[in-house]
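Asker: Residue numbers (our numbering): 1 to 445. The beta-carbon is built from N, C-alpha and C at its ideal position, and this holds for glycine as well. This is the structure I want to talk about, given as structure tokens.
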């Protein structure tokens, strides 16, 4: 303070200092001078940026982590937990990690379309190694950054290669995974909805669904969840899938399957692939996005694949060449570690067999928790019909709870779920299911 006071009381000294500073700046290059003069502009050039809204699901995790209650329960984020509420690393994955470590491999780049041994194994799992399209090499397949990355690349492909007379619109089920809209919007595609969930029955609105696909313009792109629909857990029956296939065929719609839970829904990878295999059998070319986050527990490794079927090998080769061109400026090439893990599990007969056993165990535990929740709701005194909890399938359950009830559960019972009443059944375990049921009954009776 005394120093500044001295300067301002001595204008001659201050003037000399300013002149010295100007002389010093004059020795800088013209570019440097402009940078100094414009520094105030530079440092304020992003002040117009406002804070964006938090992701509704990841924001829920932040709120849960900040909750100090010892009785808090998270049923929001879609990641598997064991019966102790802990993240699970599959035994087959642990063995694959050891196998990779002992192989002393390198960390070189993969090709643009990924690790070949993984891509082949992923395609064989999705379609079957003996599938006619696999046999004649008529599927363009590439590794992607998990299922989200597959959707993003597929969206870019649609934007670039949908015919001029085809609508640049992707029809999504209502409701759907919220990020679907974000992905396609950022690809420059419009999204619209078709009816899917019937809130009155907590089941599928098959008539409304078929009617909306019938009313959509010819050659629209229709996104379908291959199994374990997120967020409702409501899947069409095989007969209902046939109805959906027929209306899509009559309208020449482009078919786009999101397969995030193959094997994780029923415990049987082949059963969970029935829907899109039916569409192929009935003559549809399809786009298929595949994820190994849930069914192999490789959430953070970001391992997935994109498959586009064609009539011939030449057509598939052409499609793959264009996918590579789209991927190159997007992320250049995908990571190799998780791909090598998945390839080791899928290509080693013993590890593959162990994976199927562990996959079934995860699916069975989720089904057990569904049944336990219904039982504990009855024990808590609820007389409501909760049978939809056990008729739905996969990681998620649409409880039918209202926004107000969900808010009460969070504020009064430290129970966290998304505002639409969706719960991740994997967050339930034998230690918390009774308390969860009592809380749900308390806000819904």
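Per DSSP, residue 190 is paired with what?
Answerer: 169, per the DSSP bridge assignment.
Asker: Residue 437 and residue 373: beta carbons closer than 8 Å?
Answerer: Yes, Cβ-Cβ distance for residue 437 and residue 373 is below 8 Å.
Asker: Could you tell me if residue 345 is buried or exposed, where buried requires 16 or more neighbouring beta carbons within 10 angstroms of its beta carbon?
Answerer: With 16 or more Cβ atoms within 10 Å of its Cβ, residue 345 is classed as buried.
Asker: Once DSSP output is grouped into helix, strand and coil, what is the label at residue 258?
Answerer: Reduced to three states, the DSSP call for residue 258 is strand.
Asker: Using CA atoms only, rank isn't needed, just tell me which of 430, 200, 267 and 186 is closest to residue 371.
Answerer: Answer by Cα proximity: 430.
Asker: In chain order, which alpha helix (DSSP H) runs of at least 4 residues are fully inside the segment 95 to 156?
Answerer: List check, alpha helix (DSSP H) in window: 116 to 127 and 132 to 135.
Asker: So does residue 129 have its beta carbon nearer than 7 Å to some heavy atom of the ligand SAH?
Answerer: The ligand SAH is not part of the structure shown, which contains no ligands of any sort.
Asker: Look at residue 85 and residue 260 and say whether their C-beta atoms are less than 8 Å apart.
Answerer: No; because the gap between Cβ atoms is not below 8 Å, this pair is not in contact.
Asker: What are the boundary residues of the alpha helix (DSSP H) that includes residue 59?
Answerer: Start and end: 58 to 66.
Asker: Using beta-carbon positions only, say whether residue 313 and residue 143 come within less than 8 Å of one another.
Answerer: Going by C-beta atoms, residue 313 is not nearer than 8 Å to residue 143.
Asker: Which whole-angstrom value describes the C-beta separation of residue 173 and residue 194, a residue pair presumed to lie in contact below a C-beta threshold of 8 Å?
Answerer: About 6 Å; that satisfies the 8 Å criterion.
Asker: Ends of the beta strand (DSSP E) at residue 289?
Answerer: First-last of the beta strand (DSSP E) with residue 289: 286 to 291.
Asker: Taking residue 279 as part of the alpha helix (DSSP H), name the residues at either end of that continuous run.
Answerer: Per DSSP, residue 279 belongs to the alpha helix (DSSP H) from 274 to 281.
Asker: Specify the secondary structure class of residue 175 as computed by DSSP and reduced to three states.
Answerer: In this structure, residue 175 counts as coil in the three-state DSSP scheme.
Asker: Would DSSP call residue 365 helix, strand or coil?
Answerer: Three-state DSSP puts residue 365 in a helix.
Asker: For the beta strand (DSSP E) containing residue 305, name the first residue and the last one.
Answerer: 303 to 309 is the span of the beta strand (DSSP E), which, as asked, contains residue 305.
Asker: Please return the same chain residues whose Cβ sits closer than 7 Å to the Cβ of residue 145, not counting the five positions on each side in sequence.
Answerer: The residues are 302, 304, 331 and 334.
Asker: Taking just the CA atoms, how far does residue 393 sit from residue 384?
Answerer: Computed Cα separation, rounded: 20 Å.
Asker: Cβ of residue 139 within 8 Å of Cβ of residue 388?
Answerer: Contact flag unset, no.
Asker: Could you say which of 236, 369, 280 and 72 lies nearest to residue 256 if we only look at CA atoms?
Answerer: Taking only the C-alpha atoms, the option nearest residue 256 is 280.
Asker: Quick check on residue 290: buried or exposed, where buried means 16 or more other Cβ atoms within 10 Å of its Cβ?
Answerer: Buried.
Asker: Pairs of beta-carbons, one from the segment 110 to 123 and one from the segment 336 to 356, closer than 8 Å: are there three or more?
Answerer: Contact holds: three or more Cβ-Cβ distances are below 8 Å.
Asker: Quick check: what's the CA-CA separation for residue 1 versus residue 109?
Answerer: Reliability fails at residue 1, whose pLDDT of 44 lies under 50, so the model's placement of it is uncertain and no value is given.
Asker: With 16 as the cutoff for other CB atoms within 10 Å, does residue 51 come out buried or exposed?
Answerer: Exposed.
Asker: Assuming residue 250 is part of the alpha helix (DSSP H), what are its boundary residues?
Answerer: From DSSP, the alpha helix (DSSP H) with residue 250 extends over 238 to 250.
Asker: Evaluate residue 98 with the Cβ neighbour count: other Cβ atoms within 10 Å of its Cβ, from every protein chain shown; 16 or more gives buried, anything less gives exposed.
Answerer: Exposed.
Asker: Take every Cβ of the segment 204 to 214, pair it with every Cβ of the segment 235 to 248, and state whether three or more of those distances are shorter than 8 Å.
Answerer: Yes, the segment 204 to 214 touches the segment 235 to 248.
Asker: Under 8 Å by Cβ, that's how I've got residue 398 and residue 202 pegged, so tell me the actual separation to the nearest angstrom.
Answerer: The Cβ separation is near 7 Å, so the contact holds.
Asker: Return the chain-ordered list of same chain residues with a C-beta closer than 6 Å to the C-beta of residue 240, the five sequence neighbours on each side being excluded.
Answerer: Same-chain partners within the cutoff: 206.
Asker: Beta carbon of residue 264, beta carbon of residue 226: below 8 Å?
Answerer: No; because the gap between Cβ atoms is not below 8 Å, this pair is not in contact.
Asker: Can you check which of these residues, 151, 89, 413 and 55, is closest to residue 327 by C-alpha distance?
Answerer: When each option's Cα is compared against that of residue 327, the closest is 151.
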